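Number of protein chains: 2
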Amino acid sequence: MAIHKKESFSQKEQDLAEFAKALAHPARIAILKVLAQHNECICGQIVDVLPLAQSTVSQHLKELKNAGLINGTVDGPRSCYCINWKAFSTFMGEFSFLFNKLKVQNEKACC
Amino acid sequence: MAIHKKESFSQKEQDLAEFAKALAHPARIAILKVLAQHNECICGQIVDVLPLAQSTVSQHLKELKNAGLINGTVDGPRSCYCINWKAFSTFMGEFSFLFNKLKVQNEKACC
DNA sequence: CATATTAATCGTATATTTGCGATATAAAAT
DNA sequence: ATTTTATATCGCAAATATACGATTAATATG
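Protein sequences appear in the order of chains A and B. Its first residue numbered 1, the first sequence is counted upward by one per residue in the numbering used here. Its first residue numbered 1001, the second sequence is counted upward by one per residue in the numbering used here.
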């Protein structure tokens, strides 16, 4: 690939894409579901219910954390994770807003 | 990567991840915005406003179409695209439902 | 029919993601 | 102090995604 082109899009477009990318793997969707059901989990609990190695789960958790969708705190030898509902709502709201806004003014039939 | 692991997740998890993946690039977000603003567009109109080559835009359109987020019909030598609002609403609804449902029963403080 | 227009596809290079085992780190338990 | 437990990180291999130019295909137009 010659050059990175992502930077040539608006910040908002990049942010939404980043959010979507964090959700763009079934393992991460599954992790979010587990976190939501238990309110908070340590890494090992998630490893137990996913068909992935510990190191792989840890990597997915890191990506979710980097995207701001989950919080993680060290708790003794464990790491405790939970969903960052605030960030989640913000992003979902932004998506709905963007596309609902556009949808309203634009529900005509098309090709 | 040794083996594909995506299949070991539920169909719903895979579907949501697929939807998110379609949105996981700023170019595709931008394309959806252009389509929403114009109701429908031919490929060339999109190429004109994006900082990408025609072949690259065509590829992104193909991905959006495969994900079911846009419709595309051949119109003479052109291809006409528009947003599939129905599919879009379905997916957005599924996301909101999944996470709002979980959120309601689960808004406690966490780590 | 020849040619221009429009878009899809092919081939290729490069970047990123995914996944795992091995190893490192850090706290807790013995 | 050593061992156990829990997690993160490193290094690697394989799969995917991104981007483009060149080519192809299909329809218009002169």
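Think of the CB as a built atom: it goes at the ideal place given N, C-alpha and C, for glycine as much as any other residue. Predicted, not measured: the structure shown is a model, and the values here were computed from it.
Applying a beta-carbon distance threshold of less than 7 Å, which residues of chain A neighbour isoleucine 1029/B? Going along chain A in sequence order, the residues near isoleucine 1029/B (Cβ under 7 Å) are Glu13, Leu16 and Ala17.
Three or more beta-carbon pairs under 8 Å between the stretch 88-101 of chain A and the stretch 12-19 of chain A, yes or no? Yes, the stretch 88-101 of chain A touches the stretch 12-19 of chain A.
Classify arginine 28/A: buried if its beta carbon has 16 or more other beta carbons within 10 angstroms, exposed otherwise. buried
By how many angstroms is the C-alpha of leucine 1064/B removed from the C-alpha of phenylalanine 1088/B? 11 Å
Do leucine 1061/B and isoleucine 1083/B have their C-beta atoms within less than 9 Å of each other? Cβ atoms of leucine 1061/B and isoleucine 1083/B: not closer than 9 Å.
Can you find a C-beta in chain B that's less than 9 Å from the C-beta of asparagine 66/A? Proximity of asparagine 66/A to chain B, defined by a Cβ-Cβ separation below 9 Å, is not satisfied.
Pick helix, strand or coil for leucine 32/A, following the three-state DSSP scheme. helix
Based on DSSP bridge pairs, tell me the residues matched to threonine 1073/B. Cys1080/B
Do you know how far the Cα of valine 1049/B is from the Cα of leucine 32/A? Each residue's alpha carbon lies about 36 Å from the other.
Could you tell me how far apart the beta carbons of phenylalanine 1009/B and alanine 30/A are, in whole angstroms, since I believe they sit closer than 8 Å? 6 Å
So is alanine 53/A buried or exposed if we call it buried at 16+ other beta carbons inside 10 Å? exposed
Starting from leucine 1061/B and walking both ways along the alpha helix (DSSP H), at which residues does that stretch end? 1054-1066
Measure the C-alpha to C-alpha separation of lysine 5/A and glutamine 11/A and round it to an integer number of angstroms. 13 Å
Reduced DSSP category for cysteine 111/A - H, G, I as helix; E, B as strand; rest coil: coil
At 9 Å on the CB atoms, spell out the chain B contacts of leucine 23/A, in chain order. Leu1016, Ala1017, Phe1019, Ala1020, Lys1021, Leu1023, Ala1024 and Phe1095
Measure the C-alpha to C-alpha separation of glutamate 1040/B and lysine 1021/B and round it to an integer number of angstroms. 23 Å
Taking Cβ positions only, does aspartate 1048/B come closer than 9 Å to chain A? It does not; no Cβ of chain A falls within 9 Å.
So the alpha helix (DSSP H) lysine 1012/B belongs to, where does it begin and stop? 1011-1022
For asparagine 71/A, does the count of other Cβ atoms within 10 angstroms reach 16, so buried, or fall short, so exposed? buried
Beta-carbon proximity list for arginine 78/A, same chain, < 6 Å, skipping 5 on both sides: Ile42
Give me whichever residues DSSP pairs with isoleucine 122/A in a beta bridge. What the structure shows of chain A is the stretch from 1 to 111, and residue 122/A is not part of that stretch, so it cannot be assessed.
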